[in-house]
Amino acid sequence: GMRIVRVAPGHAELQMTVRRDMLNGHAICHGGFIFLLADSAFAYACNSYNLNTVASGCGIDFLAPARESDVLTAIGHERSASGRTGVYDIEVVNQRGEKIALFRGKSYRIKGHVLETPSA
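In our numbering, each residue carries its 1-based index in the sequence shown increased by 4.
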């Protein structure tokens with residue numbers, strides 16, 4: 005259950021509510037689900053120019069636990085774009101605005117378009 009909140013050039017916001025089946029043995033959200041949300045916001049942000057773009061690397065820092073029923077929002081922004089490469093920062097916050105995780109993704113543009121455009 006992720007949902008797209010907003011996508012604009014170089015920007016994306018996605019939301020996800022933490023469910024019981026997403027909890028780990030410590031009764032907090034498994035980091036893999038938080039990573040999935042952040043990575044998906046990264047993918048939408050870096051593909052928002054309609055140019056096929058893939059990840060060339062990424063990392064995440066978990067800052068606070070997310071708990072069952074928390075509504076997590078991943079907010080992604082382009083920080084740098086040059087040639088075929090880009091850098092994107094994604095902040096994951098809960099419904100109280102508390103920072104849960106920080107993700108940085110590096111992108112690489114490949115051939116093609118996300119959505120085919122009519123030939124001129």
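Ideal placement from N, C-alpha and C gives every residue a C-beta, glycine not left out.
For clarity, every value in this text was computed on a predicted model and none was experimentally measured.
To which residues does DSSP link residue i through a beta bridge?
| i | result |
| --- | --- |
| residue 110 | 61 and 91 |
| residue 121 | Answer by DSSP bridge pairing: none, since residue 121 is not bridged. |
| residue 78 | 18 and 96 |
| residue 7 | 19 |
| residue 103 | 97 |
| residue 70 | Paired residues: none, contrary to the question. |
Buried or exposed: which applies to residue i, given that a residue is buried once 16 or more other Cβ atoms fall within 10 Å of its Cβ?
| i | result |
| --- | --- |
| residue 118 | exposed |
| residue 102 | exposed |
| residue 65 | exposed |
| residue 47 | buried |
| residue 67 | exposed |
| residue 17 | buried |
| residue 38 | buried |
| residue 12 | exposed |
| residue 31 | exposed |
| residue 9 | exposed |
| residue 5 | exposed |
| residue 61 | exposed |
One question on the structure: do residue i and residue j come within less than 9 angstroms of each other, judged by their Cβ atoms?
| i | j | result |
| --- | --- | --- |
| residue 50 | residue 59 | yes |
| residue 56 | residue 110 | no |
| residue 74 | residue 121 | no |
| residue 105 | residue 35 | yes |
| residue 125 | residue 72 | Nothing in the structure corresponds to residue 125, since the chain is present only between 5 and 124. |
| residue 112 | residue 88 | yes |
| residue 63 | residue 100 | no |
For my contact list, residue i and residue j are in at a C-beta cut-off of 8 angstroms; report their separation, rounded to the angstrom.
| i | j | result |
| --- | --- | --- |
| residue 14 | residue 95 | Actually they are not in contact, since the Cβ atoms of residue 14 and residue 95 sit about 15 angstroms apart, beyond 8 angstroms. |
| residue 40 | residue 33 | Contact flag wrong, Cβ pair sits at about 11 angstroms. |
| residue 45 | residue 78 | 4 angstroms |
If we require 3 or more residues per run, which beta strand (DSSP E) segments fall completely within the stretch 9 to 64?
15 to 21
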